[in-house]
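To start, the structure under review is shown below, and the notes come after it.
Residue numbers (this note's numbering): 9 to 263.
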């Protein structure tokens with residue numbers, strides 16, 4: 009599976025899980041007992057319809073003689089026996105002491121929000137990564153070979169003696185340009201290497217950089233061509249900005 013498809017699948021799964029968690033948080037549970045007012049609890053107790061009352065803090069969980077369940081809420085910090093008119097004769101009363109914070113219930117309540125927040129954070133990170141890619145869209149993709157790397161020299165290039173002889177002048181310019189500038193000479197702006205594929209043009213260019221002991225930038229001409237207007241020109245400017253920072257150097261643009 010391609011990495012792009014795998015990443016997209018994970019995003020869709022995360023969105024689905026977040027949607028399920030959000031709906032489960034917002035929609036009431038089908039298994040949750042129906043909530044009734046405390047006055048109805050009093051009426052049910054007087055009619056002998058209550059079999060058990062379980063007290064959990066301020067919540068009353070009522071089980072009727074028909075095994076139906078309801079829930080009601082008493083006043084805070086009040087006792088079950090303080091409810092006026094409540095008949096507890098024959099009713100099983102189960103009072104659970106307060107155990108402080110209900111961490112389990114708290115986590116269940118906040119879990120959907122945490123999942124949804126995590127999804128938003130993930131999407132924001134993806135958007136920020138896309139923005140950084142957009143900012144680097146116009147940067148040059150040239151590969152830099154530093155001068156201290158194992159170099160290629162003219163000894164590694166077989167044949168083409170005439171081309172090597174002419175290129176040695178460029179090497180001399182790069183090694184001792186001050187001497188030539190004092191004499192009024194100007195360093196060539198570039199050299200055009202012409203020949204069929206596989207004749208050693210790239211190797212020859214690397215040999216010039218190796219002989220002169222300067223950095224070597226390599227890029228294909230097709231990388232300057234983009235469907236968006238201005239991107240190619242931006243990459244050309246960025247390439248020559250890098251070349252100026254590493255001057256003297258060789259910039260090789262392949263066909």
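Where is the CB? At the ideal position from N, CA and C, for every residue including glycine.
The beta-bridge partner set that DSSP reports for residue 77 consists of 71.
Taking all protein chains in view, the Cβ of residue 241 is surrounded by fewer than 16 other Cβ atoms within 10 Å, so the residue is classified as exposed.
The C-alpha of residue 24 is placed about 48 Å away from the C-alpha of residue 90.
The closest CA to that of residue 262, considering only 252, 239, 250, 229, is found on 229.
Where residue 63 is concerned, the enclosing beta strand (DSSP E) starts and stops at 58 to 64. Under the DSSP assignment, residue 228 falls outside any alpha helix (DSSP H), being part of the beta strand (DSSP E) whose first and last residues are 224 to 228. Secondary structure note for residue 260: its beta strand (DSSP E) is the uninterrupted segment 258 to 262.
Counted as a single uninterrupted DSSP element, the beta strand (DSSP E) harbouring residue 102 occupies residues 100 to 104. Annotation for residue 211: the continuous alpha helix (DSSP H) segment containing it runs 209 to 220. For residue 92, the three-state secondary structure derived from DSSP is coil. Here residue 83 carries a coil assignment [DSSP, helix/strand/coil]. Per DSSP, the continuous alpha helix (DSSP H) segment holding residue 176 begins and ends at 169 to 183. Fewer than three pairs of CB atoms, one per stretch, sit closer than 8 Å, so the stretch 79 to 86 makes no contact with the stretch 94 to 106.
The beta carbons of residue 159 and residue 198 sit no closer together than 8 Å. In this structure, residue 53 sits near residue 95, with a CB-CB distance shorter than 8 Å. Taking all protein chains shown into account, residue 260 has 16 or more neighbouring C-beta atoms within 10 Å of its C-beta and is therefore buried. When the beta-carbon positions are compared, residue 222 and residue 178 stay at least 8 Å from each other. In terms of Cβ geometry, residue 58 and residue 99 form a close pair [threshold 8 Å]. Taking each of 194, 206, 122, 203 in turn and checking the Cα distance to residue 28, the smallest one comes out for 122. Residue pairing by DSSP places residue 151 opposite 226 in a beta bridge.
About 5 Å separates the beta carbon of residue 50 from that of residue 93, a gap short enough to meet the 8 Å contact definition.
Residue 225 counts as buried, since at least 16 other C-beta atoms from the protein chains shown sit within 10 angstroms of its C-beta. Residue 211 has its alpha-carbon roughly 32 Å from the corresponding atom of residue 190. In the DSSP assignment, residue 40 falls outside any alpha helix (DSSP H) and carries neither an H nor an E. According to the DSSP assignment, residue 240 belongs to the alpha helix (DSSP H) that extends over 239 to 253. A direct Cα-Cα distance of roughly 21 Å separates residue 67 from residue 118. Sixteen is the threshold: when 16 or more other Cβ atoms of the shown chains lie within 10 Å of the Cβ of residue 175, as they do, the residue is buried.
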